[in-house]
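Take a look at the structure set out below.
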Amino acid sequence: MTGPPELLVSVTEIRRRLGSRLAIERQLAAEGLSLPDVRVVDGADVVLRGELESISDGVVLTGSVHVPWVGSCRRCLKDVSGLASVEVREVYESRPVDGETWPLVDDRIDVGPLLRDTGLLALPLAPLCDPDCAGPAPEQFPARTSGVEGGSEPAEDSADEARDPRWAALDDLELP
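Residues 932 to 1107 (the working numbering) are what the sequence shown spells out, left to right.
As structure tokens, then:
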């Protein structure tokens, strides 16, 4: 796997005067940003809106990153989508401290890795279609047992009993 694409921003002008500011807006086409239940569609834009400010040893980036995502509701498995937003405040300097600051090379900063990392961290771990989602409809798809019901009698399978179609793949599963 190659690293995140470069997205270079020149900071030459603001580095000339301490405290100078520059508004920026950049976008990075997402590729391969996903978690088990949620992902960013390949090609969707991860957007940075913010401001750069010159400091004595580098620049400070303050702003927000916006990430469109799609996934499955953790309760009912419906398709869901949303827009995650994360506030960022990062320092870019000539001698970066590993894990604390980002590199500033030749009066340019690369916001590509920041957008990729922040975009991935912004994704919801367990998305919901609605905060009040109760999950699958128990009236429409009641739970049933196959085998023993009540401890001794086999359960009766009724042809007219409603069945959740999402479980159909398990019908072919053979367990020892």
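Virtual Cβ for every residue (Gly too), placed ideally from N, Cα, C.
Check	Outcome
Per-residue burial, Val1028 [other beta carbons within 10 Å of its own, 16 or more giving buried]	exposed
DSSP beta-bridge partners of Arg1020	Thr993
Of the residues Arg1039, Val991 and Cys1004, the one placed nearest Asp1063, counting alpha carbons only	Cys1004
Limits of the beta strand (DSSP E) - the one that Leu953 falls within	Arg952 to Ala960
Coarse secondary structure for Glu1031, derived from DSSP in three states	coil
Proximity of Val1011 and Pro1058 at Cβ, strictly below 8 Å	yes
Sheet register partners of Leu983 (DSSP bridge)	Leu953 and Leu992
Buried or exposed by the 16-neighbour rule on C-beta atoms within 10 Å, applied to Thr1049	buried
For Gly1066, the three-state DSSP class (helix, strand or coil)	coil
Contacting residues, own chain, Cβ-Cβ under 6 Å from Tyr1023 (five flanking each side not counted)	Gly989, Val990, Trp1033, Leu1035 and Ile1040
Sheet register partners of Gly1013 (DSSP bridge)	Trp1000
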